[in-house]
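Novice: Pasting a structure below so you can have a look.
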């Protein structure tokens, strides 16, 4: 079961780090946040890469909880096999080949 928990840890770390490009993009395109921006958010358009980075982070956040639930339930139930250990690797390899 270590493999599944390890991939859960990597997914949580990746989800936590994915907000950094979004913040960098916001600051580079709109400047540092000011107190006035808290009341009325800026409406200047963001570059496409910032929008994509934001969507990527939101997708990771939305998928972390179900993935964690499945992994932790399987861990509590003692379910671990070659299929569950190889699933994260095969998924990442499919994503790599699609590039």
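Residue numbers (this note's numbering): 1144 to 1242.
All C-beta atoms, glycine included, are put in the ideal place defined by N, C-alpha and C.
Is the region 1171–1184 close to the region 1144–1161, with three or more CB pairs under 8 Å?
Specialist: no
Novice: Taking just the CA atoms, how far does residue 1167 sit from residue 1151?
Specialist: 26 Å
Novice: Apart from the five residues on each side of it in sequence, which residues of its chain come closer than 8 Å, Cβ to Cβ, to residue 1162?
Specialist: 1200
Novice: Give the straight-line distance between the Cα atoms of residue 1213 and residue 1197, rounded to the nearest whole angstrom.
Specialist: 25 Å
Novice: For the region 1156–1222, list the beta strand (DSSP E) runs that are entirely contained and at least 3 residues long, ordered along the chain.
Specialist: none
Novice: Alpha carbon to alpha carbon, what distance is there between residue 1193 and residue 1210?
Specialist: 25 Å
Novice: Nearest-angstrom Cα distance between residue 1220 and residue 1176?
Specialist: 47 Å
Novice: Tell me whether residue 1165 is buried or exposed, calling it buried when 16 or more other Cβ atoms sit within 10 Å of its Cβ.
Specialist: buried
Novice: Going by the beta-carbon positions, is the gap between residue 1148 and residue 1172 smaller than 8 Å?
Specialist: No, they are not a contact pair.
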